[in-house]
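Q:
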Amino acid sequence: MKLYYLLIFFAISQIANSQPKVPQDYFENPLDVPLVLSGTFGELRSNHFHSGLDIKTQQREGLEVKSAAPGHVSRIKIQHYGYGKALYIQHPNGYTTVYGHLQSFSPEIEAFVKKQQYINESYEIELFPEAGELQVESGELVAYSGNTGGSGGPHLHFEIRDGSQRPMNPKLFGIEIQDSRKPLIKGLFAYPMDEDSHVNHSAERQKIRLIPLKDGTYTTEKLNACGKIGFGISTVDQQDMASNQNGVYKIEANLNGDNVFQLNFDRFSFSETRHLNQLIDYEYYTNNRSRVQKLFVEESNPLSLYEDVQSEGRLDIQDSLDYNYTIKVTDFAGNESVIRVPIQGEFTESIQPKKLEETEYFVQADQSFSTEQNGIDVYIPKGSLYQDKYLDISFNGDIVNLHRDDTPIHQNITIGFDVSKYEPAEKEKMFIAKLGYGDRPSYSSTYKKGDRFTTGIRTFGKYTLASDNNAPWISPVNFSDGQWISNNSTLKVKISDDLSGIQSYRATVNGKFILMEYEYKDNMLTHDFSDGAVTETENNFKLIVTDNVGNTNTYEAKFFRK
């Protein structure tokens, strides 16, 4: 008996020691406004988990962003997409805070960045200052909030990362968000897991009707099932003072009072984040635009978010036995939503079988695969698929129909085209395109080597060769040729390309490089005269814009300033 209790004590100690020990009063709020969220940590996004908190900035830009703790700026990255303008601060306790989608930096940091941008003659840049170069104190102004990069509106993206650069839930560190609302349950699904299992006389996925009860919980009608089954849930959370549908914090399930599954959004690594495509029912999401989180673990799913999972979360339902399955969804504030599912074990021979799509192309996830026809080749490396799969592949002239986007891709698949039949001048303007709605082509990064074009894809669909013979479009916004613009604080130009997309741009005044920031969401290039790069009264402006197949347009104008 003593040995038994010792083992129990040891197990509990191990669990307690495995929990991240984080400081509760070290990090301050990065904004001087009430913290209202548009996005939560771990929220389900396309092909990844959200790695921080998206903090609302009252629908405007330019709010002061403060360092959450003392430290030094360890990294600055500016890109057209992604986080846009982003700042990374390393703290003495080993953690790093990240501030994304910024409008601009504090004067000292802005001067540091602009100097390097002019040296490199590039807006996009990545810098790693030395530990003593840009020291900051807790609460010190480091930036201004914005809407740069892949942002859908003004907000601050805020992260806390551990010493291994794994993002952690900032709420673990005592950053409080007002939340008195229970998670919303949007749907419940049951999944027969093998050829002998069934739910309600069917081997297909079943949507289960939820019955709300007076105490705020849910129940369902009794399910008739047998064999290996699993469940999936569509659920979101809403914070106070916001209508956004955010991610939940924890999902737990138990069978007859015993824990069988738990999913916690405390911490993850960027190397595993794409396995979100195995956590959700990807096929259902593609066809219905609703993410259903599986309460069972696929064999090839290595996510570290799972805890206390028994038998991979699969239930073994035996004939003639009764079961009670309970799901509890919790937000970080402790608000709970509960579903109770009664299950009757009932074997039946008369079931609706699962539809199987068999094709001539069967791809095993742990083996590479290739096929070729009409001068088009497809190579699927080992590990590109999450599970073995029959793929629907067909070739029609210069078009390859490569399955459908209801199957996720983990690692790049390569498509190659033989272009030897085309003239050199034609090949210069050609690229590999994905055909979207109405068969409209969109550029897929194309690598050209002799008579072979290749592209790496992470989305199934229809691919072909396309040509772009039109140069990018350029239009001045706040000036014209020969104009005096002494009162202008900026120089603005719109650029766009209708097919292959913008590849590069370069602006000069009187033959010298000037920095222009590119905001792709409104096709705007902006030069800020406060850079001090324009010092003459008479100025010859020249802008060269190139698309992804080398078409170039040049705009020139003269302007005057005092």
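Read left to right, the sequence shown gives residues -18 to -1, 1 to 544 (mature numbering (1 follows the signal peptide of the UniProt record, and there is no 0)). Heads up, the beta-carbon is just placed ideally off N, CA and C, and yes, glycines get one too.
Taking just the CA atoms, how far does N269 sit from I71?
A: 41 Å
Q: If you draw a straight line from the C-alpha of S49 to the C-alpha of I91, how long is it?
A: Roughly 13 Å between the two C-alpha positions.
Q: Enumerated in chain order, which unbroken segments of the alpha helix (DSSP H) with a length of 4 residues or greater are wholly contained in the stretch 365 to 428?
A: 406 to 410
Q: Return the chain-ordered ranges of every beta strand (DSSP E) run that is complete within the stretch 16 to 79 and spans a minimum of 3 residues.
A: 19 to 21, 35 to 38, 46 to 48, 53 to 60, 67 to 72
Q: Among the residues of its own chain, which have a CB less than 7 Å from the CB of I(-11), if the five just before and after it don't count?
A: Because the pLDDT at I(-11) is just 36, under 50, the model does not fix this residue reliably, and the value given afterwards should be weighed accordingly. Excluding its 5 nearest sequence neighbours in each direction, I(-11) has no C-beta neighbour in its own chain below 7 Å.
Q: How many angstroms separate the CA atom of F541 from the CA atom of E501?
A: 23 Å
Q: Assign I215 to one of two classes, buried (16 or more other C-beta atoms within 10 Å of its C-beta) or exposed (fewer than that).
A: buried
Q: State the start and end residues of the unbroken beta strand (DSSP E) segment that holds I309.
A: 304 to 312
Q: Using the beta-carbon count (16 or more within 10 Å), is F9 buried or exposed?
A: Its Cβ being crowded by 16 or more others within 10 Å, F9 is buried.
Q: Secondary structure at V242, three-state DSSP: helix, strand or coil?
A: strand
Q: So for A315, helix, strand or coil by DSSP?
A: Note: A315 maps to coil in three-state DSSP.
Q: Distance check for T341 and S293, CA to CA, integer angstroms please.
A: Cα to Cα, S293 sits roughly 32 Å from T341.
Q: Counting only runs that start and end within the stretch 471 to 498, where is the beta strand (DSSP E) found for 3 or more residues in a row?
A: 472 to 478, 484 to 491, 494 to 496
Q: Below 6 Å CB to CB, which residues in the same chain sit around Q260 once its five sequence neighbours on both sides are set aside?
A: Hits under 6 Å: E280, N283, Y368.
Q: Distance, Cα to Cα, residue 578 vs L69?
A: Summary: the structure shown does not reach residue 578, with the chain confined to residues -18 through 544, and so no result is reported for it.
Q: What is the DSSP secondary structure of S127, reduced to helix, strand or coil?
A: strand
Q: Going by beta-carbon coordinates alone, are P149 and R249 separated by less than 8 Å?
A: yes
Q: Does A185 come out as helix, strand or coil in the three-state DSSP assignment?
A: coil
Q: Measure the CB-CB distance between T534 and I526 and report whether it falls below 8 Å.
A: yes
Q: How many whole angstroms separate the CB atoms of G209 and D178, which I take to be in contact at a CB cut-off of 8 Å?
A: 5 Å
Q: Could you name each continuous beta strand (DSSP E) segment of 3 residues or more that falls completely within the stretch 215 to 287, going from the start of the chain to the end?
A: 232 to 237, 240 to 246
Q: Where do the ends of the beta strand (DSSP E) carrying P458 lie?
A: Residues 455 to 458.
Q: Could you give the DSSP three-state label for S468: helix, strand or coil?
A: If DSSP states are grouped into helix, strand and coil, S468 belongs with coil.
Q: For the ligand GTP, is there a heavy atom less than 7 Å away from the beta-carbon of S478?
A: The ligand GTP is absent from the structure shown, which contains no ligand whatsoever.
Q: Looking at the structure shown, is Y343 part of a helix, part of a strand, or coil, going by DSSP?
A: strand
Q: Using 8 Å as the cut-off, can you tell me whether the stretch 472 to 489 makes contact with the stretch 444 to 460, which would need three or more C-beta pairs spanning the two stretches below that distance?
A: yes
Q: How many whole angstroms separate the CB atoms of G327 and A207, which I take to be in contact at a CB cut-off of 8 Å?
A: 7 Å
Q: Is Y77 closer than 8 Å to D36 when the C-beta atoms are compared?
A: no
Q: Buried or exposed, going by whether 16 or more other CB atoms sit within 10 Å of the CB of E103?
A: With fewer than 16 other Cβ atoms within 10 Å, it is exposed.
Q: Pop quiz: T428 and F435 are said to be a contact at Cβ under 8 Å. What is the actual Cβ separation, rounded to whole angstroms?
A: That belief holds up - the Cβ atoms of T428 and F435 are roughly 5 Å apart, short of 8 Å.
Q: Counting Cβ pairs closer than 8 Å, one from the stretch 225 to 233 and one from the stretch 351 to 358, do we hit at least three?
A: no
Q: Whole angstroms are fine: how far does the CA of K503 sit from the CA of S28?
A: 19 Å
Q: Consult DSSP for Y502 and reduce its assignment to one of helix, strand or coil.
A: coil
Q: Report the CB separation of I397 from I414 in whole angstroms; it is logged as a contact under 8 Å.
A: With a beta-carbon spacing of about 7 Å, I397 and I414 fall inside the 8 Å limit used to define contacts.
Q: Using only the alpha-carbon positions, how far apart do V47 and G53 sit?
A: 15 Å
Q: Roughly how many angstroms lie between the CA atoms of E538 and V311, to the nearest whole one?
A: 60 Å
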